């Protein structure tokens, strides 16, 4: 039986910096494997559509523009995405990756949640 | 009727409404609430609120609509917070605050002050009992139960210094305690007084009446808007007054504003430490604590004082 | 007192919205003064129909759906499902994948127990312990984020293996975090077993005897705190638990203090397991191919979640969509013990005793149909069911 078993912790904390991360003001680096926004590299895409088929949230659509010349677009809805990375795992060609830099995806404008990779207006 | 009278009246009004009573006291209450929250946060390794947070809370609450629930006595519902705040502000008249002589005083004002401080709790209990909300009812029952438990030991603990000073008038007691650290001669009385203040303000670990995880906000569950703001302001002022009383009685007086600040803040640090260190007591444990240990301690203290006085004579 | 001399009961509703419960569930507590005389529990506020939903998703998609049954023990749900499906498909997954699954499962157990420690301390009004245990839990969250890229639904599992490897940097990070946490855990064990005021709220409260624990069908740490020898990791070892046996922590007191003791001591056990597996982590692939259509058949998969036994029944009809999946989560097993034991305790003990079983209400809310005595089967079309619902509520409001 003791009283005030946490006195040591209190004294140490009182004279040290809070352990809270002051996020919007100070940003620590995101870990390398962080699953942020999906990025598509169209070079190797064969349009198999496995990513869209396996997506548990229905956040991906593969749009076939021209099968002959292997022109595809990937339609991505970040608001539906659950960031599970199954598409990255499913893609045999290694065309997909999840960014560890773009992860602050909140937006006021719904158009931010409907991204078409491979479109001429891509960087919208 | 001369010009001096008008001047006196004006000065009294200023003393009551602006400084050192009234408005000034409200802001000091908010400041102390902030210090309380900030210290607790830092002890728990958190950042804590910014300095204007209590003020912002109060302004927000005052601006909000006050929802008066069905099946309550509306006048009582609205009136009780006002009475509570008025009570503590009245108590401030007899206080050496902040290090200045009291605005008014008369023999026996110590008793009046202690009971004006209790008015907050009584108002809280009534406010809870006024509504049909189950959490409020349980909270009100607990608040009043706790009041009956700590009130007698707390009063006895404050009467210790009064007894040795030979007066029940706060200004005279302070005159006696100035420079005399009664903490050394009456340690038990000091402990009981500090814990009594914690119970009075329902600060954890003695916060069973408003135990968040059991009964939401206790007696204040139905309060929103202005009523809640006034109760919170009242508690902030009561905190300052309680700290002042104990610092003045036990810690060698609060003769100057600087001494006042230093001593009340040290006391506040102790209270926050107790808040952070201990688990909430159940209401039966709280009552047991007071009647088993609190009362006993303060009686031992009184026995000591009486014997000492007898020896001196 | 009413005329017939029967006392009117004063009831206090805890939930569905209440600060003590972070999830919606309803407990109607009758009290006499401060003493609880009766408890009525009503579950189902967070029923999400996940079991039904997976019947229209592919096996791969179902994995992520089931992972979201529980936020805290997401990995173990996915793991139970994967183990079952791999068994049905007759696929042997690489040993390295098995080991990584177990490492993550144990990290998750640490995360869950530390979270529980904080929540229970908060219910007792000991916010300092709450803040500190959650601060230290942050190390585990960072670890999981570094390992998998996500703090909560880590999605380490895929059908046929795992997605993420533990490389040198990860290993160092895990070792560092664990040596830090070991020291902290020792401190917390001292706090919950020595602190006089905290013991006032836990010692002798909510005592469940061994026979009660067995009759009420409790599982996991709740049962182990009542000296019931029950842990799936030991009784029916899965993944690599046969090579790295876990030790069962028991306590015969059965009160809240025992539950604190058991859970915190289990943390040391998890630390030891993780270290041992890391020492001898087998080399090899992370995953193996698994067919999209799973062989027809049914199987049962049992794993030890942080809260107790997690049970999966999986039935396949040979297509790429599950025929039926049934999950039984530990909270539903433990729930009745709370209802039973609360009677006679003080109102102030209610939140602590509820937290004592480490409840997860959204896991808990499953569809149960009692058709006893009616023996009437009906098949309803979607339209008819909708109409039935409308009529039902009309009747009720009338």
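Residue numbers (the working numbering), protein chains in the order written: chain C, 3 to 126; chain W, 249 to 561; chain G, 526 to 923.
All C-beta atoms, glycine included, are put in the ideal place defined by N, C-alpha and C.
Since this is a predicted model, take the numbers as computed values, not measurements.
Enclosing beta strand (DSSP E) for residue i [first to last residue]
i                      : result
residue 1 of chain C   : This structure cannot speak to residue 1 of chain C, because chain C is shown only from 3 to 126.
residue 75 of chain C  : 73-78
residue 566 of chain G : 560-567
residue 551 of chain G : 551-557
residue 41 of chain C  : 40-42
residue 756 of chain G : Per DSSP, residue 756 of chain G belongs to no beta strand (DSSP E) and is neither H nor E.
Through-space distance from residue j to residue i, alpha-carbon basis
i                      : j                      : result
residue 540 of chain G : residue 667 of chain G : 32 angstroms
residue 945 of chain G : residue 759 of chain G : Outside the displayed range of chain G (526 to 923) lies residue 945 of chain G, so it cannot be described from this structure.
residue 330 of chain W : residue 500 of chain W : 34 angstroms
residue 500 of chain G : residue 550 of chain G : Outside the shown range of chain G, which is 526 to 923, sits residue 500 of chain G, and nothing can be said about it.
residue 399 of chain W : residue 108 of chain C : 54 angstroms
residue 100 of chain C : residue 37 of chain C  : 5 angstroms
residue 533 of chain W : residue 788 of chain G : 27 angstroms
residue 300 of chain W : residue 470 of chain W : 26 angstroms
residue 819 of chain G : residue 59 of chain C  : 21 angstroms
residue 634 of chain G : residue 792 of chain G : 8 angstroms
residue 796 of chain G : residue 710 of chain G : 10 angstroms
residue 20 of chain C  : residue 291 of chain W : 9 angstroms
residue 873 of chain G : residue 784 of chain G : 18 angstroms
residue 560 of chain G : residue 878 of chain G : 14 angstroms
residue 12 of chain C  : residue 798 of chain G : 32 angstroms
residue 560 of chain W : residue 502 of chain W : 27 angstroms
residue 913 of chain G : residue 888 of chain G : 27 angstroms
residue 270 of chain W : residue 262 of chain W : 9 angstroms
residue 472 of chain G : residue 659 of chain G : As displayed, chain G neither begins before 526 nor continues past 923, which places residue 472 of chain G out of reach and without an answer.
residue 526 of chain G : residue 463 of chain W : Because the pLDDT of residue 526 of chain G is 38, which lies under 50, any placement of that residue in the model is unreliable, and the number read from its coordinates should be weighed accordingly. Roughly 25 angstroms between the two C-alpha positions.
residue 467 of chain G : residue 311 of chain W : Outside the displayed span of chain G (526 to 923) sits residue 467 of chain G, for which this structure offers no information.
residue 697 of chain G : residue 629 of chain G : 15 angstroms
residue 726 of chain G : residue 529 of chain W : 8 angstroms
residue 812 of chain G : residue 700 of chain G : 25 angstroms
residue 814 of chain G : residue 822 of chain G : 20 angstroms
residue 444 of chain W : residue 553 of chain W : 20 angstroms
residue 45 of chain C  : residue 749 of chain G : 56 angstroms
residue 17 of chain C  : residue 538 of chain W : 34 angstroms
residue 63 of chain C  : residue 473 of chain W : 50 angstroms
residue 886 of chain G : residue 551 of chain W : 56 angstroms
Start and end residues, alpha helix (DSSP H) containing residue i
i                      : result
residue 306 of chain W : 301-311
residue 536 of chain G : Run containing residue 536 of chain G: none in the alpha helix (DSSP H); it sits in the beta strand (DSSP E), 535-539.
residue 330 of chain W : 322-339
residue 562 of chain W : This structure leaves residue 562 of chain W out entirely; chain W is present only between 249 and 561.
residue 383 of chain W : 382-413
residue 522 of chain W : 505-525
residue 90 of chain C  : 88-92
If we require 4 or more residues per run, which alpha helix (DSSP H) segments fall completely within the stretch 781-863 of chain G?
781-804
Could you run through the stretch 15-32 of chain C and flag, in chain order, every residue whose CB is less than 8 angstroms away from some CB of chain G?
21
Any contact of the stretch 372-385 of chain W with the stretch 401-420 of chain W, i.e. 3+ C-beta pairs under 8 angstroms?
no
Using 8 angstroms as the cut-off, can you tell me whether the stretch 669-680 of chain G makes contact with the stretch 597-605 of chain G, which would need three or more C-beta pairs spanning the two stretches below that distance?
yes
What residues in the stretch 635-665 of chain G bring their beta carbon closer than 9 angstroms to a beta carbon of chain W?
646, 647, 648, 649, 650, 651, 652, 653, 654, 655, 656, 657 and 660
Could you tell me which whole alpha helix (DSSP H) segments of length 4 or greater appear in the stretch 669-698 of chain G?
none
Counting pairs of beta carbons, one from the stretch 732-740 of chain G and one from the stretch 848-856 of chain G, are three or more of them closer than 8 angstroms?
no
Check each residue of the stretch 449-460 of chain W: if its Cβ is closer than 9 angstroms to any Cβ of chain G, include it; give the result in chain order.
452, 453, 455, 456, 459 and 460
Kindly confirm or deny that the stretch 683-694 of chain G and the stretch 642-659 of chain G touch, where touching means at least three C-beta pairs closer than 8 angstroms.
no
Taking the runs of the alpha helix (DSSP H) that are 4 residues or longer, which of them lie wholly in the stretch 589-651 of chain G?
599-614 and 620-648
Would you check if the stretch 825-832 of chain G and the stretch 607-627 of chain G touch, i.e. whether three or more CB-CB distances between them fall below 8 angstroms?
yes
Flag this pair as touching only if the stretch 284-296 of chain W and the stretch 259-268 of chain W have three or more C-beta atom pairs under 8 angstroms; answer yes or no.
no
Quick one, which residues of the stretch 280-312 of chain W are near chain C if we go by CB-CB under 9 angstroms, in chain order?
287, 289, 290, 291, 292, 293, 294, 295 and 296
Beta carbons nearer than 7 angstroms to chain C: which residues of the stretch 512-524 of chain W have them?
521 and 524
Can we say the stretch 302-322 of chain W touches the stretch 445-457 of chain W, given the rule of at least three CB pairs closer than 8 angstroms?
no
Which residues, in chain order, does the stretch 864-891 of chain G contribute to contact with chain B at a C-beta distance below 9 angstroms?
Here the protein chains are C, W and G, and chain B is not one of them.
With 8 angstroms as the limit, tell me which residues of the stretch 457-486 of chain W have their beta carbon closer than that to any beta carbon of chain G; keep them in chain order.
459, 460, 461, 462, 463 and 464
Between the stretch 412-424 of chain W and the stretch 480-487 of chain W, do three or more beta carbon pairs fall short of 8 angstroms?
no
Using a Cβ-Cβ cut-off of less than 9 angstroms, list which residues of the stretch 530-560 of chain W approach chain G; keep chain order.
530, 531, 532 and 533
Proximal residues, the stretch 69-92 of chain C versus chain G, C-beta separation under 9 angstroms
84, 85, 86, 87, 88, 90, 91 and 92
Check each residue of the stretch 783-813 of chain G: if its Cβ is closer than 8 angstroms to any Cβ of chain W, include it; give the result in chain order.
none
Give me the subset of the stretch 377-400 of chain W whose CB atoms are less than 9 angstroms from a CB atom of chain G, sorted by chain position.
382, 383, 385, 386, 389 and 390
Any contact between the stretch 109-119 of chain C and the stretch 610-619 of chain G? By contact I mean 3 or more CB pairs, one from each, below 8 angstroms.
no
Would you check if the stretch 582-597 of chain G and the stretch 831-850 of chain G touch, i.e. whether three or more CB-CB distances between them fall below 8 angstroms?
yes
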